[in-house]
């Protein structure tokens, strides 16, 4: 896919309904999120407002449509972790496998210095090969494993912690 006419920008409150719809579209597959039921826009308002200049929420738009989004979140509230952020990426179903995730991860790595981030962390289910592959492509390594911590309809899933120093 040609991404030359695309734009990555800070998400606005007007984008939240589409952000939530993209998120909800991943729940049934039981591969991306530990939520088991769809969430509402009102459920995500506090999360949306946690984002700001040092921990942004970005949308990738193609032809005016949100193709994907990326969230930086503080890893932990204690001050010694201020330089570490958790990265989350969700891609609109019609844009999966087109390079949308790569565009966002590449941009995130470029902006870490400006954002005061020296470590990026991803929490990925062990059976989520596409996400693990994407992050590995950008130099993320396995930093930890939480075995069988997620009960997905009676199937216990591992959570892999991947990270990268930037």
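Residue numbers (our numbering): 1 to 166.
Glycine included, each C-beta is placed from N, C-alpha and C at the ideal position.
- It is roughly 4 Å from the alpha-carbon of residue 148 to the alpha-carbon of residue 158.
- Under the three-state reduction of DSSP output, residue 48 falls in the helix class.
- If you draw a straight line from the Cα of residue 143 to the Cα of residue 81, it is about 16 Å long.
- At a Cβ-Cβ threshold of 8 Å, residue 68 and residue 60 count as neighbours.
- Between the C-alpha atoms of residue 75 and residue 16 there is a straight-line separation of about 22 Å.
- CA-CA distance, residue 31 to residue 135, rounds to 15 Å.
- Residue state for residue 74 is assigned as strand, using DSSP reduced to three classes.
- Straight-line measurement puts the Cα of residue 46 at about 31 Å from the Cα of residue 141.
- Taking residue 125 as reference, the option from 161, 154, 27 and 2 with the minimal CA-CA separation is 161.
- Residue 108 is positioned such that its CB atom lies closer than 8 Å to that of residue 87.
- In summary, residue 19 is buried, with 16 or more beta-carbon neighbours lying within 10 Å of its beta-carbon over all protein chains present.
- Between residue 36 and residue 72, the gap from beta carbon to beta carbon reaches 8 Å or more.
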